[in-house]
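Heads up: the sequence lines are chains U and A, in that order. With my numbering as the guide, the letters of the first sequence map in order to residues 377 to 744. With my numbering as the guide, the letters of the second sequence map in order to residues 12 to 408. Each residue gets a CB set at the ideal place from its N, CA and C atoms; glycine is no exception.
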Amino acid sequence: MMGKEKIEHRQFAILVLLFTIGTSIIITPSMLAAYVKQDGWISGLLGLLIALLIVWVFGAMGKYFRDQSLVQVINFSFGKYLGFVIGLLFASFGLVLSSLVLSNIGNFVNSRLLIGTPLNAVEYIFIVVIVIGVRLGIETIARSSESLISIFSILFFLLVIAVLPQISIDNIRPIFEHGFYDVLQASYGFISFPFGELVLFLMLTPFIVKRQKIISGYVIGAFIGGVVLILITILSILSLGGEGTAINTYPAFTIAKKIDVGGVIQRIEVIMAGIWMFSIFVKLSICVYTTALCIKQLFRFHDLNCLFIPIAISLIPLSQWFSPSAADYQTYTEKWMMYFTYSIMIIPILTMGVFFVRKKWSEKSNKT
Amino acid sequence: MMRKKNLLLILILIVSIMVTGCWSRKELNDIALVIGLGVDKVGDDYILSTQVVDPGEIASKGGSGRVPVITYKTRARTLIGAVRKLTSSTPRKLYLSHLRMFVIGESVVKDGVAPVLDFITRDHELRSDFFIIMTRDSRAQDVLTMVTPLEKVPSTYMYTMLNHAEKYWTAYTTQKIDQLDNDIASDGKEAVISAIEIKGSLKEGEQKKNVEDIALKNYLQYTSLGVLHKDKLVGYLEETEASGYKYVINKVKSTVVDMPCNKQRKDVTEIIHSKTTIRTRVKNHKPSAIVQVHAEANVAELQCQADLLKQNVINVLETKTENEIKHQIVKALQKTQKEYHADVFGFGNNIHQSNAKEWKKLKKDWGKTFSTMPVKIEVKVEIRNFGKVNKTTPSLD
C-alpha cells in the first residue's frame, strides 16, 4: 500500500528537526520567559531533557509498530468502533495543529511584515504552496527539506553571529532566581510544544527504509531542534532581557530587527524571517500530510491526493476560529492546546499497552 | 497541453512578482518622511509636533529657497490620534520609519512619560534606532522649530550632535526606546534622559535669518541629564555630575579632564579608554558598593610650566586626574542619593544579579536604602602618552 514512497532515516531526522523548530522558533522564547523571565533557558534545558525521554519512547514505538502507522495499530488493538473514535481524535489533533500553525504564520506575517494585507490573503498564499508540496508526496517533502536545511543552517548561523554585538551578559543574571518548581512549571509548555507534537511522526514511521534507525532519527532531530530553540531563547534573553523577552510577541524577530553590524549590515530582519518560513513550511506540510493520512486510513480511502484540498480549505476558517486574536492566542489557545497535546501523547502509550495485551492473548488462545 | 500548463505557470510567476507589495503600497510622493517627533502636554491634551522633510529642498541641486523641513503641530488626547489627525493639515501621509529624534517636552516628563512611550514601542512603523531626548526650560515644539546651521534638518542636527557629544565629551547619553523602557520598568535602576536647551531667543531662532549670521546667536545645546523616578522627572544632573554618572555606568568613550595647576591655570588630560566595575555587597541586610574606575589617558594641554620627562610630573598628573574623576563621581552620587533618591547607576540591578535573595527584601524601599548606601570609589589612571612635545611649549625657562 505504501511501498512506493520511501524516506531515508537521515531525511527523517531532518524532518523531525525542522518540525521541532517549526513555529516554536518565533514563540518559544516569550513562552519560556513568561513565567521565569531570565531563567527561561533553564526551563528550556529541563524541558528538553524530559522531552528527549518522551521522544525516545515515540521512536521505540515506531520501531515496534514496524510497517504499520499509529492509526492502523489503534484500529488493530481497540477494535472497529473504539479504534475508530480514537483514530478520529488523533486525526482531529493533526487538523487542529495544522490550523494553529497556519494561524501562527498568518498572524506573524500580518502583524510584522505585510500590515495592510488581509490575513486571509496571506494564509491562502501559504496554503497554496503547502498543497502543491504535499500533493507531490512525503518523499518530495523529505528530499526538499534535505536541501532546505543547508540554507536554514546558514541563515541561523548568520543570525547568531549578527546578534552577538547586541548582547549583554548582565541580562541573564541572576541565574536561577526562581525556584526549581517554577522553572519546571515553565517547561511544561515547552515539552508539549513542539516535542509532544512529534507524536504525529508515528504516522510516517512506516515509510522509513532502515527500521533500526528510527529511534536515533527521532532523538537526534528533536535534540538538535531543541538546542536551536534554547539558543534562540538565550540570545533573546541576552539582548532583550528577561522582561523584554516575555512581553514581546515574537522575540526572535525583534532581535533580528536589532541587528546592526557596524552600521552597514542592518535592517535585514526579513531575510532572517526566511529561517522560520522554511521550518514552518515543513511543519505545516507534515501536519497536513499526516492529517490526510489519518483520514485516509480511518475511512479507507484509496487516493490520498483528493484529501489535501478539502483539508487545506478548512484550515483557514479553523485557524481564525481557534485563535481569533493575538491576545486570545497567547492566553487561551496556547493553554488548551497544551492540554490537548498532552492527552494525545497518551494515545500511543495506551495503544502500545493494549496492543501488547492483545498479542499475548491471541498467542495464548492459539496454544489452547 | 503540457506547454499550455507551463505557459500558465510562467504567467502566474511573472504576475506574482510584478504585483508584490502592491497591496499596501505607499508611493514616495504620497508619504511625508517624519524625521523628528515632539510631545508636549497642555492640560489633558498632548501637543504633537511633527518635523517632516521636504525632499525637494534637501537635494543638493535645485531647491527653491524654502525651508527644508516643516514642523506641524496637532493637539489631541492621544499620540496616534494626533498623528492621524495631522492628515487634515498635510497633503501627505506621515511615514514614521525614518524617525531620528523623539523629543519629550519637560511638561510631559514631569507628568510621567510612560503613556507616551507605549505608542512608540508598539507602533509597527517605528523602528527602535532613534534617540530619545527631553527639553529643559522649553517646549518640544519650540526645539523642533529652531533653524539650525550646517545640517539642514534640525532633527539630524540634534541626532549627530548627541552622537558626537557622547563620543568625545561624554557627559550626555544616547537613549533608545528599548533601553529606556527597561530602565523605567526595572526596580533596581532609574532612567536618565539627555536634556536639550534653547540658547538665545526662540523668536529669532525660528526664522531662517538665524543661520545667515556668522556668529550664531540662537542655538540648541545639550546641557544636562534629566533624572527620572519611575517615569517622572525628579531633577537634573549638571555637566560635571553627568560626567561622573557616565564613569560609574562604564559608558565613557573619550573625554577630557581638567585640573588646576595653579591659581588661574589648568592642565588637561584626555581619557582615551576607561573601564568601570561595580561590586555590591550586602552585609546584615545593609548594602554597600565599590566602584572601580580604571582609565588610560594622554596629556592634552599644559598651561603651567612642566617637564613631562620627570617621572614625578606624570605621577602628579595621574593623581590629579584620579582625584578629579573621583570628585565628579562623588558629586553625581551626592546629588542622586541626597537630593533625588534615585538610583540611576543600577546598583540595585547589580545586587539583584549577585544576590537575588537579599534583593527581594531590599527592593521595596530601594530609593531610601540607596540614599544611605555607602559607596567606595577607587580610581586608577595611567598616562600613556603626551602628544608631540615632552615639555610645556613654548618653554619659559
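Which of the three DSSP states, helix, strand or coil, is assigned to residue i?
i, result
"U:G617", "helix"
"A:L105", "strand"
"A:L48", "strand"
"A:R292", "strand"
"A:M157", "coil"
"U:D704", "helix"
"A:H284", "strand"
"A:Y247", "strand"
"A:E252", "helix"
"U:K439", "helix"
"U:Q642", "strand"
"U:P550", "coil"
"A:T146", "strand"
"U:M377", "Unreliable positioning characterises U:M377 in this predicted model, as indicated by a pLDDT of 43, which lies under 50. A coordinate reading is not provided."
"U:F732", "helix"
"U:L428", "helix"
"A:P298", "strand"
"A:K257", "helix"
"A:K15", "helix"
"A:V386", "strand"
"A:V164", "coil"
Near residue i, which residues of its chain fall below 6 Å by C-beta distance, leaving aside the five closest residues on each side in sequence?
i, result
"A:I195", "A202, D242"
"A:K10", "The displayed coordinates of chain A run from 12 to 408. Any statement about residue 10 of chain A would go beyond what the structure contains."
"A:K257", "T181, V263"
"U:L394", "S521, S655, V658"
"U:W432", "V595"
"A:D122", "K52"
"A:Q186", "I143, I204"
"A:I301", "R290, K387"
"A:A306", "I282, S285, V392"
"A:Q339", "T251, S254, G255"
"U:N480", "T399"
Pull the bridge partners of residue i from the DSSP assignment, please.
i, result
"A:A182", "Bridge partners of A:A182: none, in fact."
"A:Q232", "A:E208"
"A:Y83", "A:T61"
"A:E393", "A:E307"
"A:G237", "A:I204, A:Y247"
"A:F113", "A:L48, A:I143"
"A:D318", "A:K402"
"U:I584", "U:I383"
"A:K277", "A:P271"
"A:D56", "A:V53"
Return the chain-ordered list of same chain residues with a C-beta closer than 8 Å to the C-beta of residue i, the five sequence neighbours on each side being excluded.
i, result
"A:F130", "T89, L90, I91"
"U:E645", "F629, A632, K633, I635"
"U:R587", "K439, R442"
"A:E1", "No statement about residue 1 of chain A is possible, as the shown extent of chain A runs from 12 to 408 and does not include it."
"U:L490", "V498"
Cβ closer than 7 Å: which chain U residues qualify as neighbours of residue i?
i, result
"A:A367", "P550, E553"
Under 7 Å from any heavy atom of the ligand GTP, does the C-beta of residue i make it?
i, result
"A:I207", "The ligand GTP is not part of this structure, which contains no ligands at all."
Kindly list, in the order they appear in chain A, the residues whose Cβ is closer than 9 Å to that of residue i.
i, result
"U:D546", "G357, N360, N361, Q364"
"U:K634", "S139, D140, D189"
Taking residue i as the query, report the chain B residues whose CB atoms sit under 8 Å from its CB, ordered along the chain.
i, result
"U:T493", "Considering every chain present, this structure includes no chain B. Its protein chains are U and A."
Please work out which residues of its chain come closer than 7 Å, Cβ to Cβ, to residue i, disregarding the five sequence neighbours upstream and downstream, and give them in chain order.
i, result
"U:A622", "S406, A409, A410, K413"
"U:A756", "Because chain U here runs from 377 to 744, residue 756 of chain U falls outside it and cannot be looked at."
"U:M377", "Note on U:M377: pLDDT 43, under 50, position unreliable in the model; no value is reported."
"A:Q192", "The residue you asked about is not Gln; residue 192 of chain A is Asp in the sequence shown. Once the five neighbours on either side are set aside, the close Cβ partners of A:D192 are L128, T132."
"A:E350", "G246"
"A:P271", "K277"
"A:M112", "G47, F141, F142, I144, S166, M169, Y170"
"A:A253", "A182, Y183, S235, L236"
"A:Q314", "C272, R276, K277, D278"
Identify the contact partners of residue i in chain U, using a Cβ-Cβ distance below 9 Å as the criterion.
i, result
"A:N309", "Neighbours of A:N309 on chain U: none; closest Cβ ~26 Å, over 9 Å."
"A:H135", "S487, R488, I491"
Using a Cβ-Cβ cut-off of less than 8 Å, list which residues of the stretch 592-624 of chain U approach chain A; keep chain order. L616, G617, E619, G620
Under 9 Å (Cβ pairs) to chain U, residues found in the stretch 191-224 of chain A: D192, N193, A196, S197
Along the stretch 283-315 of chain A, where does the CB come closer than 7 Å to a CB of chain U? Name the residues. none
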